[in-house]
Each structure stands twice: as C-alpha cells, then as structure tokens.
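The next block holds one structure in the form of structure tokens; read it before the comments.
In this note's numbering, the protein residues as written are 64 to 758.
Okay, here's the thing in structure tokens:
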C-alpha cells in the first residue's frame, strides 16, 4: 500500500539528491514509492544515467505513473518536457507536477487558440477563407513564461501538447533581444521606449494591459508578457535608473522594490532589425521570381493577388516589424533555407533535457500526422497566389525531424505500441502492481446472440450492488438504440457522444459518479480518460469486430476502465476469438498473476480507489482528480455554456478596466477576482473549448 512518510513533504523523508552538477529539484510528496514504483524508478534512472536514448514505462491504469515520472526527474536532476496528446491531459499533468515541485519552474505550453480557422482557398467555389483566431491571453502568458524559464534557469519542467512541434520563432533572436535594466544603469528614456516597441510591446498611456507600456515624464511602466498581476515601474533621474518597483497594474499598489529586471519579447516572432532588413530583401526577391513564374503561366489574376498581398505585408514589416500572418514569412525571418525545419520549443530545451511522452500509443501517431494536412492546404494557397512558396515551410516538424531533435525519451503508456517497444530495445520497466493492491478486472467472454438482454441483466446486478456501468458500442446509431432500449426498461442511462461539448461531457461523468444515473453508453470516448472508481462493470458489445475500436490496445484500455473498483469486471460479447481478444486476455492474465502474487506475498487486501468527486469539472485521463474548480466558477461556466465562457471573460476584463479608469479600485479588484476565477477554470479545463491547434 502507498503509505504516508515519516517526514511528509519530501520523497523518502528528504529532498531527492541529484547527481553532482545537476539540478536540485525540491520534490514534495506525502507518499513513498510502493508496489512496482520503486523498481520502475530505479530502472528508469539507470537507463537515463547509462545514456539510453529510448526507454519505456509500461504502467497500468492507477499505478501512479505521474508519481514515478516526478521521482525520475528529481533523481536525475535534469530539466524535463512532458508531452500529452491534448490540452485536457496536459492541464492535469501541469497541476500534478506543480504539486510535486512547488518551488521549481513547472510550466505549461499548449496552443493559445480558443478558436482557430486557418486561411484556406477552395478552388471549386472560388472561396478564400481568411484566418480567424481567438487567442487565450492566459495561455499566451504561460507560453512566454515557459520559454523565459528555459532561458533563465535549469530547474524547469514543461508540460506541453503537440503544439510544441509548431514553429515559434528563433531561440537566438528571442534571447538576444531581451532588455536588462538595473538600478544605477544609465540609459536614454526615448531609446528605452523604442526598444520596448521593437519587442512588440504596445504603447498605451491610458490602460496598462499585459503586453503594453506607458511613459509619463521620467516614469516608464511596462506589463511584461509572462506576468499576470504584476507590472514594473522604472523611475529615472535624468538618464540614470533611480528605482525599479513592482506594482499591481490594476490598483497601482506597490508590491516591492527590485534591483534589476529583464524584459522579454512580447512575441516569439521578434526579429532584430538587421535580420528583418535581410528578410525583407529575401521576400522581395522571392516575390519577383514568383511573379515571373505566374505571368509565364498566364496566371495574371494570381500574380496581381500575390503582388498586392505581399507588398502590403512588406510595408507593415518595414514599419513595425510585424504583420498579420507573419508566421508565413518565418523561413525568411529566421534565415532558413527551403525545406529546413522550423524553430520550435524543442530548440529552447537544454541538451541534457528529458522527454516523457505520456500516453505514447496515442501521442506518437498524432505527432506523425500533424504536418500532412497542413501541407495540402498551404500548397493550394501558393498555387492560387495567396502566399509565396516559402509559406509552405511555416509548418510543424515532420516526424523524422522531431525524432532527430528530441532528447533522451521515456515513453509512458499502459499499452505502448510496437514502435516504442522496438526503439527501447529491451529498456522497458513495468508498473503492473498498484499501490492500492487492485488487480486487473476479471474478463468474461459471452456470445453475441442475446447480448443486449444479457447486458440488461448484468447491469441490474451491478446497479443493485451500488455500482455503475460503462458500455461501449461500435456506432452512434447502436449507442442511440441501446440507450433507448435500456431507458425503456427502467435503467437510468445516459449516452456520451462526440457532439457533446467537453464541459458537458465532464459534467455527465461527474453525475455518473454521484449516482444521478447508473449506466453510461459510448463509443471510442470510453477508451481513455474515464477512470471512475464507482464503475464495477465494463461491457464491450461486438468485441469480435476487428478494427481500430476493437484492437488489442483499445480492448486493454477499455477493460482497464474497471480497474479502479475491487469488484471490477469486464464483459466481452464475441462469437470469434480474434487475435486482438486473445492478446488482450493473455496480457490481462499475465498482469493479474503478478498482481495477485504480490498481494499474497505482502499480505495486501485490495481496496477500491477512494476519490472525492470534485465540485466542478471532473478531470479526464490521469490518476488523481487534481483539477478542482471552485463551485462558484463551475456553476458560472455551466450556466454560461462553454461557447460563452470566453465572451464572459472578455466582458469582465472590459468592466474591470472601466472601473479602474473611474478610480473605483475596490470594484475593479472584485471584478478581477471573478475574472481570475473564470480564467483559472478555463485553463484547468485544459482549453476544453477546442481541440489543440497549431501555435
């Protein structure tokens, strides 16, 4: 069993020592490794110290894989990046690692788009779709915080989505253009303001918002891109920096004096003036060449379109160092050649960083598929004169490019794919024994004929025992029909499908846990992310229909949904014992044998996972529900609906600044508290408004 330690707050009763020359992480936990965790931690640390490029942590559901990752980071003393396959999982990992490392730099790097529609052209209808996007200011701040931390310190853990393989501008430019200011420095006020503008900060003498600066006499104030509730005031005496003060940008209250500050760019696409001048010349040269090609092909409309659009962008770049769609010129801005990969978050990582790929069986294929759809859309834009050919190089990393750039890697999954296992070359450690003593659920095979009637009886037994049931089917129509059938027979049932917004989906799962209904029917949505202790029955209909939804990996993941309850069972309705079913049965039995033997040897009696139901949004996909939204914020979000949440946040922000402008600081502070509450909920939902988008 996982037991509290003698000295809570430190792993193994003390700070975990890192090797000489490595980072000293302040790892805090009230638990000590148990079950398979001690051996898994030792194995992974050894693999890392031996310089193994690839290794695998095969950890079953509920075995504490995140706890193991945290121990490995602390023991090896290496900066780390943890990749998840969507924002929801990334948000949960971020919260967990922040709890484990409260005094280190735990950062969050996902797509900052709440809504993203890339520019595109549909030739058959002659329709051009302008790029439209809504940027989440809080996530943008966290992205800046992540890159800043990677440049300034080594005790860094970045939790990222696949957004990390998209271009963000050159690391060298971003680091080169920082502005250090210290008390006692001699500097010219106007030159300082010009430098702030070069960093893409906006002058706003009325309202000091994040990413803005203002000046009045010898007082210059700036709200850095990585901070939330703190701005900096630089007081000059002539050309000398007399004082630097941190203050609340909303109320003006002083927070303390600073000896020095470093102002980082407000955009990852900042470019030094000499490099910008060179880029403009290269863009002009490419435009001239492309114009000649289009004219030769008789595409006069396309030539005119390209000339007008590019000329306007060039004027904006020359005047302000920025233009809409600046990322399409990233190849020229960074001085890369045709086809060369973009600069990404991976270029900001130290050479000795560790990479953890969470749920690798899903994340790895996702990384591989990102660049393909992007390329088709870009080629169409180029062909019809909306973009220069170099715009094609504004893209995510191709899989092979990411593979070359990634540091030492640990793949983490309950069902690692053949790809990861082959790369590891035997450097695999298992976490099969759970700290709770729970064993994998018993798997029972039943015939397909009469499966619905039999399922009804099994659901009745489970419900009478006080537990819940999950049922997975193959199609939306089957799910609807089964839900109707069960409902007609008096079963309290809900249907979970892809049309349901993620916030509502989370509330449905919460209602299931609370007993508002007893059975949840779904399709692929049940495979990952529904670790519910109250579930004692998982039923898979038509389990012998080979395919993605009934592969070995899918079956193991789905059966694992019953692994949180000591009475957990899995029913598979199948007439044919497919290879996937046989492989799943063999793996589950192998795990059960090991788990039962461990329990017997150590005198452990399995107990169901006990976990409080959060008042707000139920987390999806990790071992602990660490995402606790306040009751008020949850009610507010549910009342507004997920579509209106960003609008409510924007309305609150405007009201807050209006109150501050009217000098009603008490009202402004109250509005800010409510705004922060909703922003925190939005972040902890992991950007649930949309799927992950390119950066």
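For every residue, glycine included, the Cβ atom is placed at its ideal position computed from N, Cα and C.
Since the structure is predicted, the reported quantities are computational estimates derived from the model, not experimental observations.
Thinking just about the alpha-carbon of each residue, which of 377, 340, 328 and 329 is nearest to the one in residue 350? Minimum Cα distance to residue 350 is reached at 377.
Would you list, in sequence order, the uninterrupted alpha helix (DSSP H) runs of no fewer than 4 residues that lie entirely inside the stretch 449-473? Scanning the stretch 449-473 from its first residue to its last, the whole alpha helix (DSSP H) runs of 4-plus residues come out as 462-468.
Measuring alpha carbon to alpha carbon, tell me which residue in 439, 550, 414 and 314 is nearest residue 467. Nearest to residue 467 by alpha-carbon distance, out of 439, 550, 414 and 314, is 414.
Hey, is the stretch 426-437 in contact with the stretch 627-638, meaning 3+ C-beta pairs nearer than 8 Å? The answer is no - the stretch 627-638 does not touch the stretch 426-437, with fewer than three Cβ pairs under 8 Å.
Meets three-Cβ-pair contact criterion under 8 Å: the stretch 293-310 and the stretch 180-190: Segments in contact, no.
List the DSSP bridge partners of residue 293. BP columns for residue 293 are empty, so no partner.
Thinking C-alpha only, which one of 192, 440 and 579 is nearest residue 530? Nearest neighbour of residue 530 by Cα position, chosen from 192, 440 and 579, turns out to be 579.
Can you look up residue 269 in the DSSP assignment and give me helix, strand or coil? Note: residue 269 maps to coil in three-state DSSP.
Chain-order list of residues whose beta-carbon lies under 8 Å from that of residue 261 (same chain, five-residue window excluded): Around residue 261: 240, 333, 336 and 384.
State the Cα-Cα distance for the pair residue 696 and residue 740, rounded to the nearest angstrom. Confidence at residue 696 is low in this model, with a pLDDT of 42, below 50, so its placement is unreliable and the value that follows should be read with caution. Taking the straight line joining both Cα atoms gives about 6 Å.
Expressed to the nearest angstrom, what Euclidean distance is found between the alpha-carbon atoms of residue 141 and residue 506? Computed Cα separation, rounded: 41 Å.
Using the rule of at least 16 other Cβ atoms within 10 Å of the residue's Cβ for burial, across every protein chain shown, is residue 216 buried or exposed? A residue is called buried once 16 or more other Cβ atoms fall within 10 Å of its Cβ, and residue 216, having fewer, is exposed.
Do three or more CB pairs link the stretch 522-537 to the stretch 647-656 at distances below 8 Å? Touching, no, given that fewer than three Cβ pairs across the two stretches are closer than 8 Å.
Just to check my reading of the structure: residue 122 and residue 429 have Cβ atoms closer than 8 Å, yes? What is that Cβ distance to the nearest angstrom? So it is not a contact: roughly 20 Å between Cβ atoms.
Buried versus exposed, by CB contacts within 10 Å (16 or more), residue 551: Residue 551 comes out exposed.
Please state the DSSP three-state secondary structure of residue 739. Here residue 739 carries a helix assignment [DSSP, helix/strand/coil].
Would you mind giving the Cβ-Cβ distance between residue 422 and residue 152, rounded to the nearest angstrom? I have them listed as a contact below 8 Å. About 7 Å; that satisfies the 8 Å criterion.
Determine the burial state of residue 276: buried for a count of at least 16 other Cβ atoms within 10 Å of its Cβ, exposed for fewer. It counts as buried.
Can you give me the C-alpha to C-alpha distance between residue 626 and residue 582, rounded to a whole angstrom? Rounded to whole angstroms, the gap between the alpha carbons of residue 626 and residue 582 is 17 Å.
Is the shortest distance between the beta-carbon of residue 372 and the beta-carbons of chain C less than 8 Å? This model lacks chain C altogether, as it is built from one protein chain only.
Buried versus exposed, by CB contacts within 10 Å (16 or more), residue 224: Sixteen is the threshold: when 16 or more other Cβ atoms of the shown chains lie within 10 Å of the Cβ of residue 224, as they do, the residue is buried.
Residue span of the beta strand (DSSP E) that contains residue 494, given as start and end: Counting along the chain, residue 494 sits inside the beta strand (DSSP E) bounded by residues 491-494.
Do the stretch 100-114 and the stretch 364-380 touch if we need at least three Cβ pairs shorter than 8 Å? The stretch 100-114 makes no contact with the stretch 364-380: fewer than 3 CB pairs, one atom from each, lie closer than 8 Å.
If distances are taken between C-alpha atoms only, which option among 571, 444 and 602 comes closest to residue 509? Residue 602 is the option with its Cα nearest to residue 509.
Outcome for residue 98 when other beta-carbon atoms lying within 10 angstroms are tallied against a minimum of 16: The residue is buried, with at least 16 neighbouring Cβ atoms inside 10 Å.
Go ahead and label residue 149 buried or exposed: buried means 16 or more other beta carbons lie within 10 angstroms of its beta carbon, across all protein chains shown. Buried, since its Cβ has 16 or more Cβ neighbours within 10 Å.
Counting only runs that start and end within the stretch 329-361, where is the alpha helix (DSSP H) found for 4 or more residues in a row? Listed in chain order, the complete alpha helix (DSSP H) runs (minimum 4 residues) inside the stretch 329-361 are 336-359.
Please name the residue, chosen from 236, 360, 369 and 364, that lies closest to residue 347 on a Cα-to-Cα basis. The shortest C-alpha to C-alpha distance from residue 347 to any of 236, 360, 369 and 364 is the one to 369.
Return the chain-ordered list of same chain residues with a C-beta closer than 7 Å to the C-beta of residue 420, the five sequence neighbours on each side being excluded. Counting only Cβ-Cβ distances below 7 Å, and skipping sequence neighbours, we find 146, 426, 427, 472, 474 and 475.
Within 8 Å, do at least three Cβ pairs link the stretch 286-295 to the stretch 255-275? They touch, by the three-pair rule.
In three-state terms, what does DSSP make of residue 376? Reduced to three states, the DSSP call for residue 376 is helix.
Of the residues 135, 269, 112 and 314, which one's Cα is nearest the Cα of residue 120? Considering only alpha carbons, the answer is 135.
Take the Cβ of residue 301 as the centre, count every other Cβ of all protein chains shown within 10 Å, and call the residue buried at 16 or more, exposed below. So residue 301 counts as exposed.
When burial is assigned at 16 or more other CB atoms within 10 Å of the CB, is residue 584 buried or exposed? Flag for residue 584 reads buried.
Residue closest to residue 352, alpha-carbon to alpha-carbon, out of 664, 373 and 168: Nearest Cα to residue 352 within the set 664, 373 and 168: 373.
CB of residue 324 within 8 Å of CB of residue 198, strictly: No, Cβ-Cβ distance for residue 324 and residue 198 is not below 8 Å.
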